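The structure appears below as structure tokens.
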Amino acid sequence: MSKKIILLFAAFQFLACGELQQVINQLPQEGLGNAEIASGLREALDKGIDKQVSKLTQPDGFFKNELVKIMLPEELQKVDNTLRNIGLGKLADEGLKVLNRAAEDAVGEATPIFVNAVKGITFDDAKNILLGSNDAATQYLTKATQAELYNKFSPVIKNSFEKVGADKIWANLITKYNNLPLTSSVNPDLTDYVTQEALQGVYTMIAVEENEIRTKTSSRTTDLLRKVFALQDRM
Numbered sequence: 001m002s003k004k005i006i007l008l009f010a011a012f013q014f015l016a017c018g019e020l021q022q023v024i025n026q027l028p029q030e031g032l033g034n035a036e037i038a039s040g041l042r043e044a045l046d047k048g049i050d051k052q053v054s055k056l057t058q059p060d061g062f063f064k065n066e067l068v069k070i071m072l073p074e075e076l077q078k079v080d081n082t083l084r085n086i087g088l089g090k091l092a093d094e095g096l097k098v099l100n101r102a103a104e105d106a107v108g109e110a111t112p113i114f115v116n117a118v119k120g121i122t123f124d125d126a127k128n129i130l131l132g133s134n135d136a137a138t139q140y141l142t143k144a145t146q147a148e149l150y151n152k153f154s155p156v157i158k159n160s161f162e163k164v165g166a167d168k169i170w171a172n173l174i175t176k177y178n179n180l181p182l183t184s185s186v187n188p189d190l191t192d193y194v195t196q197e198a199l200q201g202v203y204t205m206i207a208v209e210e211n212e213i214r215t216k217t218s219s220r221t222t223d224l225l226r227k228v229f230a231l232q233d234r235m
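Counted from 1, the sequence shown has number 187 at position 187 by our numbering; the numbering is strictly sequential.
Put into structure tokens, the structure is as follows:
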């Protein structure tokens with residue numbers, strides 16, 4: 001039985017590879033050279049960065065976007081719940097808002113890093129992205145930019161906390177919680193937490209735009225995007 005499964009899987013892989021190669025072989029006949037394929041992918045990514053990532057830099061770009069809104073880390077959920085239960089919901093809301101404001105400040109550092117990563121896309125990269133999964137471009141950008149973005153975001157978030165008094169807000173919030181009876185002290189690294197959440201938010205919004213371009217022809221707003229992603233539609 002296992003041999004049959006293996007043979008079926010191998011046959012499926014062979015057919016899939018053959019279909020993929022057929023599409024690739026047709027590229028010259030479609031009037032799309034290697035440079036145009038890569039340019040089309042760069043254009044799609046630039047569109048996602050311009051349309052979606054820029055939104056995150058605006059006031060409430062994180063805070064009022066349910067896809068990326070930064071909530072408290074798990075170990076502080078009890079702080080939030082306890083404060084709300086004793087009538088300190090406004091203080092808890094302020095605590096959430098400053099986390100999101102810090103992320104909004106940090107994302108302004110992302111665009112130049114993304115632009116450099118997009119410029120570096122080769123034809124092989126473009127081919128793999130185009131014929132890959134619906135978030136293949138987002139995965140490419142994540143791999144190419146995550147470490148550099150973390151190093152850029154972290155100090156900005158730390159400074160933002162200081163600028164808006166987040167350190168004082170959180171000191172006040174956590175002190176009130178730690179002084180309550182029957183609670184244990186908490187002291188998470190909020191800068192690292194918000195940095196990670198901000199990164200996730202950025203890639204989430206790029207994935208949103210990538211999915212739009214891949215699945216909705218109306219989102220392919222230039223001739224090059226329409227030509228390049230028409231190849232994907234055949235798979």
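Think of the CB as a built atom: it goes at the ideal place given N, C-alpha and C, for glycine as much as any other residue.
Computed from a predicted model, the values in this text were never measured in an experiment.
Chain-order list of residues whose beta-carbon lies under 8 Å from that of residue i (same chain, five-residue window excluded)
i    : result
T191 : S154, I157, K158, F161
K168 : none
N211 : N134, D135
K55  : G61, N65, M205
Same chain, Cβ closer than 7 Å to residue i, neighbours up to 5 away in sequence not counted
i    : result
R214 : N134, F229, Q232
N34  : F123
K97  : F63
E43  : T222, L224, L225
Whole-Å CB distance - residue i paired with residue j, under 8 Å assumed
i    : j    : result
Y203 : T142 : 5 Å
I113 : T145 : 5 Å
G303 : E104 : As displayed, the chain neither begins before 1 nor continues past 235, which places residue 303 out of reach and without an answer.
L111 : I206 : For the sequence presented, residue 111 should be read as Thr rather than Leu. The Cβ separation is near 12 Å, so there is no contact.
L130 : I37  : 7 Å
G95  : T57  : Going by Cβ atoms, the distance from G95 to T57 rounds to 22 Å, so no, they are not a contact pair.
Residue i - containing alpha helix (DSSP H), residue span
i    : result
Q58  : Unbroken run through Q58: none, as it is neither H nor E.
V194 : 190–215
L143 : Here residue 143 turns out to be Lys, not Leu, going by the sequence shown. Element bounds for K143: 136–163.
S39  : 34–48
G108 : Run containing G108: none; DSSP gives neither H nor E here.
K51  : Run containing K51: none; DSSP gives neither H nor E here.
I70  : It is not in any alpha helix (DSSP H) - I70 carries neither H nor E in the DSSP assignment.
N81  : 77–85
R226 : 223–233
L130 : 123–130
Neighbour-count burial assignment, residue i, 16 or more Cβ in a 10 Å radius
i    : result
Q52  : buried
T221 : exposed
G87  : exposed
M71  : exposed
E209 : buried
A147 : exposed
G201 : buried
I216 : A quick correction: the sequence has Lys, not Ile, at residue 216. Flag for K216 reads exposed.
T195 : buried
K64  : exposed
K119 : exposed
Residue i vs residue j beta-carbon contact at 9 Å
i    : j    : result
T83  : E197 : Looking at the sequence provided, one finds Leu at residue 83 rather than Thr. Their beta carbons are not under 9 Å apart, which means L83 does not touch E197 by this criterion.
L45  : A106 : no
S39  : L224 : yes
L41  : A126 : yes
Y150 : L91  : no
R101 : P59  : yes
V79  : Y177 : yes
Cβ shell of residue i (< 6 Å), same chain only, five flanking positions each side left out
i    : result
N179 : none
N81  : none
V68  : F62, G201, T204
R226 : R220
V115 : none
C-beta neighbour in chain D for residue i, strict 9 Å
i    : result
T145 : Although the question refers to chain D, the structure presented lacks it and comprises just one protein chain.
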